[in-house]
Amino acid sequence: MIRAATTAADCTGAAGGTYASGVTANAEIDSILQRGADGGRITPEEALLLYTDASFHALGEAADAVRRRRYPDGIVTYLIDRNINYTNVCVTACKFCAFYRAPKHAEGWSHPTEEILRRCGEAIDLGATQVMLQGGHHPDYGVAYYEDLFSSVKEAYPQLAIHSIGPSEILHMAKVSGVSIEEAVVRIKVAGLDSIAGAGAEMLPDRPRKAIAPLKESGARWLEVMAVAHRHGLSSTATMMMGTGETNAERIEHIRMIREVQDQAVAGGYRDTPVEADGTGGFRAFIPWTYQPENNHLKGRTQATTMEYLRFIAVSRLFFDNVAHLQASWLTTGKDVGQLALHLGVDDLGSIMLEENVISSAGARHRSNLHELIWMIRTAGRIPAQRDTLYRHLAVHRTEADDPTDERVVSHFSSIAMPNGGARTLPLVETR
Ligand code: SF4
Numbered sequence: 002m003i004r005a006a007t008t009a010a011d012c013t014g015a016a017g018g019t020y021a022s023g024v025t026a027n028a029e030i031d032s033i034l035q036r037g038a039d040g041g042r043i044t045p046e047e048a049l050l051l052y053t054d055a056s057f058h059a060l061g062e063a064a065d066a067v068r069r070r071r072y073p074d075g076i077v078t079y080l081i082d083r084n085i086n087y088t089n090v091c092v093t094a095c096k097f098c099a100f101y102r103a104p105k106h107a108e109g110w111s112h113p114t115e116e117i118l119r120r121c122g123e124a125i126d127l128g129a130t131q132v133m134l135q136g137g138h139h140p141d142y143g144v145a146y147y148e149d150l151f152s153s154v155k156e157a158y159p160q161l162a163i164h165s166i167g168p169s170e171i172l173h174m175a176k177v178s179g180v181s182i183e184e185a186v187v188r189i190k191v192a193g194l195d196s197i198a199g200a201g202a203e204m205l206p207d208r209p210r211k212a213i214a215p216l217k218e219s220g221a222r223w224l225e226v227m228a229v230a231h232r233h234g235l236s237s238t239a240t241m242m243m244g245t246g247e248t249n250a251e252r253i254e255h256i257r258m259i260r261e262v263q264d265q266a267v268a269g270g271y272r273d274t275p276v277e278a279d280g281t282g283g284f285r286a287f288i289p290w291t292y293q294p295e296n297n298h299l300k301g302r303t304q305a306t307t308m309e310y311l312r313f314i315a316v317s318r319l320f321f322d323n324v325a326h327l328q329a330s331w332l333t334t335g336k337d338v339g340q341l342a343l344h345l346g347v348d349d350l351g352s353i354m355l356e357e358n359v360i361s362s363a364g365a366r367h368r369s370n371l372h373e374l375i376w377m378i379r380t381a382g383r384i385p386a387q388r389d390t391l392y393r394h395l396a397v398h399r400t401e402a403d404d405p406t407d408e409r410v411v412s413h414f415s416s417i418a419m420p421n422g423g424a425r426t427l428p429l430v431e432t433r
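Each residue of the sequence shown is one higher than the one before, starting from 2 at the first, in my numbering.
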């Protein structure tokens, strides 16, 4: 039996600390949940057992206990950023991708730096603190292209954090330029890259990765690049795309691989923010999201269910004793599921996403705005706060009087993947 709450403070989580009152019929599962809730390490085998066999109630309760212990202030964060795509031309042809076009395809495009800078300026005007520059593996784009891109953005907008690209792009640019991973990482960091996005992780274990992205680097290589970046002071996030036919064991293997690299980062002391001084290193956050089925070669033959997603969120919170933050993906799962995830260990609702084209091209149609994101957090019983890339709180909205008032801050402010290219007026829930 899982240890019961003993005080009212335990029940509300106001005082932080362990709380779990669920009762399951399985003593082994109870014991694992209790250990996880208390901050102890659970093994991959135990994580799989929890994922497949723990009651949803007990799983969520234990994961939420971790969230409360880590964040006793009850704050859930969000970010204002814009995903700007520099090209959709790509030689890697991942089967799940609806965004890319092969070189010489009539629908292939690349944006000049001036257009990217224009979009950065627009994002800043709307309160963005971060841009995610994201694109295909263009056959001509080596390290010099990215150096120019990042240094141009930094020069024009030094206040904007560049949280961009992923290990796949780094490997691709290093190959195009004929340089080592290390050299590529150092050069793009010097040029202005602040943080590496966790993009391209998809599924890290070999079998499911080869099935959906046969031309991409292996999961081990993806992690190797992250480890190099961490050693050079570039922290990152880690993602996972679930729902393309991987097994439950492969999902757990994915997070095992990430946790192992994170252990090395923690042991190496590769920390760069006060928030991470609690013992986490290179990966600041874990962000699972669900495969979207439209306009790609997998054609939606498999998809993760909402319950699979939510259970995985909870297991991830219990498993990652060395990763500080867990983010819900409202863009792919929907806002109601994103809000529900806040009760399963999540402490961050991600970005408003002023622009997003990659996942939206595959069918993610969910939209939101600043008021609604704040409303989702507040009505879940949490305190909304705008954060920056490094999870530092920029503005805490303790009451509605503290809320921002800019009505222009909407997701998909511009998007080539959305009908009419944007979403300036939205049919949203009442937020006031
Ligand atoms: S996911 Fe990235 S690497 Fe794969 S095809 Fe799409 S743009 Fe290219």
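Even for Gly, the Cβ is constructed at its ideal location relative to N, Cα and C. Predicted, not measured: the structure shown is a model, and the values here were computed from it.
Query: Cβ-heavy atom distance, residue 212 to ligand 1, below 7 Å; Result: no
Query: From 207, 191, 242, residue whose alpha carbon lies closest to that of residue 201; Result: 242
Query: Beta-bridge pairing of residue 135 - partner residues as DSSP gives them; Result: 86
Query: Residue 95: CB within 7 Å of a non-hydrogen atom of ligand 1; Result: yes
Query: Residue burial classification, residue 434 (beta-carbon count within 10 angstroms, cutoff 16); Result: Outside the displayed range of the chain (2 to 433) lies residue 434, so it cannot be described from this structure.
Query: Residues sharing a beta bridge with residue 323, DSSP; Result: In the DSSP output, where bridge partners are listed per residue, residue 323 has none listed.
Query: Exposed unless 16 or more other CB atoms sit within 10 angstroms - verdict on residue 349; Result: buried
Query: 6 Å CB neighbourhood of residue 390 in its chain, flanking five on each side removed; Result: 131, 162, 164, 196
Query: Three-state secondary structure (DSSP) of residue 215; Result: coil
Query: Uninterrupted beta strand (DSSP E) stretches inside the region 143–209 (no shorter than 3 residues); Result: 162–165
Query: beta-carbon residue 169 near ligand 1 non-hydrogen atom, thresh 7 Å; Result: yes
Query: Which listed residue (363, 374, 109) has its alpha carbon closest to that of residue 411; Result: 374
Query: 8 Å Cβ cutoff met for residue 314 and residue 345; Result: yes
Query: Beta-ladder partner(s) of residue 79, from DSSP; Result: 387
Query: Nonlocal neighbours in the same chain, by C-beta distance under 7 Å from residue 137, ignoring five residues either side; Result: 88, 89, 90, 91, 101
Query: Cβ separation of residue 223 and residue 168, assumed to be a contact under 8 Å, to the nearest whole Å; Result: 5 Å
Query: Where the beta strand (DSSP E) containing residue 397 begins and where it ends; Result: 394–397
Query: Residues near residue 257 in its chain [Cβ-Cβ closer than 6 Å; skip 5 each side]; Result: 45
Query: Selected residue, minimal CA-CA separation from residue 352, among 79, 75, 329, 52; Result: 79
Query: Three-state secondary structure assigned by DSSP to residue 286; Result: strand
Query: Any non-hydrogen atom of ligand 1 closer than 7 Å to residue 137 Cβ; Result: yes
Query: Inter-residue Cα distance where the pair is residue 187 and residue 144; Result: 10 Å
Query: Identity of the residues DSSP links to residue 102 by a beta bridge; Result: 90
Query: At least 3 beta-carbon pairs within less than 8 Å: the region 243–250 vs the region 303–310; Result: yes
Query: Collapsed DSSP secondary structure at residue 226 in the structure displayed; Result: helix
Query: Rounded straight-line distance, which links the Cα of residue 233 to that of residue 338; Result: 36 Å
Query: DSSP beta-bridge partners of residue 369; Result: None, per the DSSP bridge assignment.
Query: Residue 206 versus 299, 259, 227, 336, residue with shortest Cα-Cα distance; Result: 259
Query: Counted within 10 angstroms of its Cβ, other Cβ atoms place residue 62 as buried (16 or more) or exposed; Result: buried
Query: Any non-hydrogen atom of ligand 1 within 7 Å of residue 292 CB; Result: no
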